[in-house]
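Visitor: What follows is a structure written as structure tokens; I'll ask about it next.
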């Protein structure tokens, strides 16, 4: 009976945590529910990096009389160190919470069990392991970054049914539906940086910003790989640096004069050692991005850039949009509707009349 109770309130805490998925990075998504005598008396979630944590918000929404001897369900071990905000453990102890229920330890070395230890030393019972897998999945990017200090790399692309990543006019937008494009922009809002290659800039000239109505200001860092800095200064990603910053990554084969062409326009150029075939060293780049607290990296292409990440064994997840068109070398793409899908082992069989 008690286990079902723990599951019920932890599910609610996880629901609350997810509300911060577009705004809390590099912090984790955290939700908190305070329960007294079988009733929820207060809730909270971490809304934005640098602002109050979920536990603090939930405590503030209640009163000392109600939090005393109450149970607290929180989706991650409470922090016990000063950073952008004070430690949550102090507030929990002061609120005289009787019991704290969590899914897992915080992988941050500054916490990692110390929060639990402080609570127990204060006489607070701590229960762990409740919906642990669900909590780990929710904060997959955060956990990976804390353990490796490297960005969690997501490769994303859109392609036609015949495997073409772009149309004959190199217009990616024509491959994706309105719903897919909205999903893409929301994906951008979740990460700290977007990366493309120089060919994508020259051929498509994308903005690489988040144009979702609700999260239009959540513009991640725009990263462009260019081995020889052969980028047009008129490219859209090099404009409006006050709205979204751009980082150009190149090799040590370029000249100071080439670098100054961009740095004079307030565009940062990062020079790395040359990797295979005198290209940007992907592993070295990821180490540098990790130092800059880039926890999630969305790699949008093109195909050569994707291949370089696969070759470096630096891919955590792939995401693809498959659109119901045949592109081939046709002057105009051929639409196929409706499509019939069928799973066949690990494959997907697709059928459509033309």
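In the numbering used here, the protein residues as written are 10 to 363.
Virtual Cβ for every residue (Gly too), placed ideally from N, Cα, C.
These numbers were taken from a predicted model, which means no experiment stands behind them.
1. Kindly indicate the opening and closing residues of the beta strand (DSSP E) around residue 167.
2. Would you report the Cα separation of residue 156 and residue 292, rounded to the nearest angstrom?
3. Compute the minimum distance between the beta carbon of residue 49 and the heavy atoms of the ligand GDP, and state whether it is under 7 Å.
4. Put residue 349 into one of helix, strand or coil per three-state DSSP.
5. Could you work out which residue in 286, 140 and 65 is closest to residue 261 when comparing CA atoms only?
6. Under 8 Å between the Cβ atoms of residue 26 and residue 39?
7. Less than 8 Å separating the beta-carbons of residue 343 and residue 334?
8. Run through DSSP, which three-state label would residue 249 get?
9. Looking only at its own chain, which residues have a Cβ that is under 6 Å from the Cβ of residue 110, when we skip the five neighbours before and after it?
10. Let me know the alpha helix (DSSP H) ranges lying completely inside the stretch 11–89, each 4 residues or longer, listed in chain order.
11. What is the rounded straight-line gap between the Cα of residue 141 and the Cα of residue 112?
12. Examine chain C for any beta-carbon lying closer than 8 Å to the beta-carbon of residue 192, and answer yes or no.
13. Contact between the stretch 196–208 and the stretch 345–363 is defined here as three or more beta-carbon pairs at a separation below 8 Å; is this criterion met?
14. At 3 residues or longer, and completely inside the stretch 262–335: list those beta strand (DSSP E) runs for me, N to C.
15. Return the chain-ordered list of same chain residues with a C-beta closer than 6 Å to the C-beta of residue 17, the five sequence neighbours on each side being excluded.
16. Bridge partners for residue 203 per DSSP, in chain order?
Guide: Taking the structure as given:
1. The count along the chain shown starts at 1 and reaches residue 167 at position 158. Its beta strand (DSSP E) spans residues 161–169.
2. Along the chain shown, one-based indexing puts residue 156 at 147. Along the chain shown, one-based indexing puts residue 292 at 283. For residue 156 and residue 292, the distance between alpha carbons rounds to 16 Å.
3. The ligand GDP is absent from the structure shown, which contains no ligand whatsoever.
4. Taking the chain shown and counting its residues from 1, one reaches residue 349 at position 340. Residue state, collapsed to three classes: strand.
5. Position 252 of the chain shown, counted from the start, is the residue given in the question as residue 261. The residue with the shortest Cα to Cα distance from residue 261 is 286.
6. Position 17 of the chain shown holds residue 26. Position 30 of the chain shown holds residue 39. Closer than 8 Å, so yes.
7. If you number the chain shown from 1, residue 343 lands on position 334. If you number the chain shown from 1, residue 334 lands on position 325. Inclusion of residue 343 and residue 334 in the CB contact set at 8 Å is warranted, their separation being smaller than that value.
8. The count along the chain shown starts at 1 and reaches residue 249 at position 240. Taken through DSSP and simplified to helix, strand or coil, residue 249 comes out as coil.
9. Sequence index remark: in the chain shown, residue 110 carries index 101 (1-based). Cβ neighbours of residue 110 beyond the five flanking positions: 15, 82, 136 and 139.
10. Runs found: 11–26, 63–69 and 73–76.
11. Looking up residue 141 in the chain shown gives position 132. Looking up residue 112 in the chain shown gives position 103. About 4 Å.
12. Going by chain labels, chain C is absent from the structure shown, which holds only one protein chain.
13. Too few Cβ pairs lie closer than 8 Å, so no.
14. 277–281, 305–310 and 326–332
15. Looking up residue 17 in the chain shown gives position 8. Only residues of its own chain outside the window of five on either side were considered, and among them none has a CB closer than 6 Å to the CB of residue 17.
16. Position 194 of the chain shown, counting from 1, holds the residue named residue 203. DSSP, once it has assigned bridges, lists 231 and 307 as partnering residue 203.
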